[in-house]
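Please read the structure below before turning to the comments.
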Amino acid sequence: MHFIEMTGKTLLNLVEDDEATGLTTEQLAQVGVREQSVVRINPQGDIELRRRDGWDVIGGLLGDFEDRVQTVTGLDWA
Numbered sequence: 001m002h003f004i005e006m007t008g009k010t011l012l013n014l015v016e017d018d019e020a021t022g023l024t025t026e027q028l029a030q031v032g033v034r035e036q037s038v039v040r041i042n043p044q045g046d047i048e049l050r051r052r053d054g055w056d057v058i059g060g061l062l063g064d065f066e067d068r069v070q071t072v073t074g075l076d077w078a
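Residue numbering for the sequence shown is 1 to 78, as defined by my numbering.
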């Protein structure tokens, strides 16, 4: 499985600017995403939050997010 990892701050900025993602910053905060959180997104748009004991799927992105995630993070799917 491929992912792009980022901080919660980067993810919050990503969804804040794009109404087409299907998520809000408030929803992410409710499930525990903070600026210092570690999150990852796979090419299918699933968002996982790093918890103390593993990864939790907390939601997903909708629409044409692949290029935007790569542009915002400067990373490729790995």
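We treat Cβ as the ideally placed atom computed from N, Cα and C, and that holds for glycine.
All of these numbers come straight from a predicted model, not from anything done at the bench.
| Item | Value |
| --- | --- |
| What number of angstroms, rounded off, separates the C-alpha of Leu75 from the C-alpha of Gly54? | 22 Å |
| Quick check: the Cα distance between Gly63 and Arg52, rounded to an integer number of angstroms? | 30 Å |
| Confirm, please, whether the CB-CB distance from Val57 to Gly8 is below 9 Å. | no |
| For Arg40, I'd like the list of residues in its chain whose CB is within less than 7 Å of its CB, leaving aside the five on either flank, ordered along the chain. | Phe3, Ile4, Glu5 and Glu48 |
| Can you give me the C-alpha to C-alpha distance between Leu61 and Thr25, rounded to a whole angstrom? | 12 Å |
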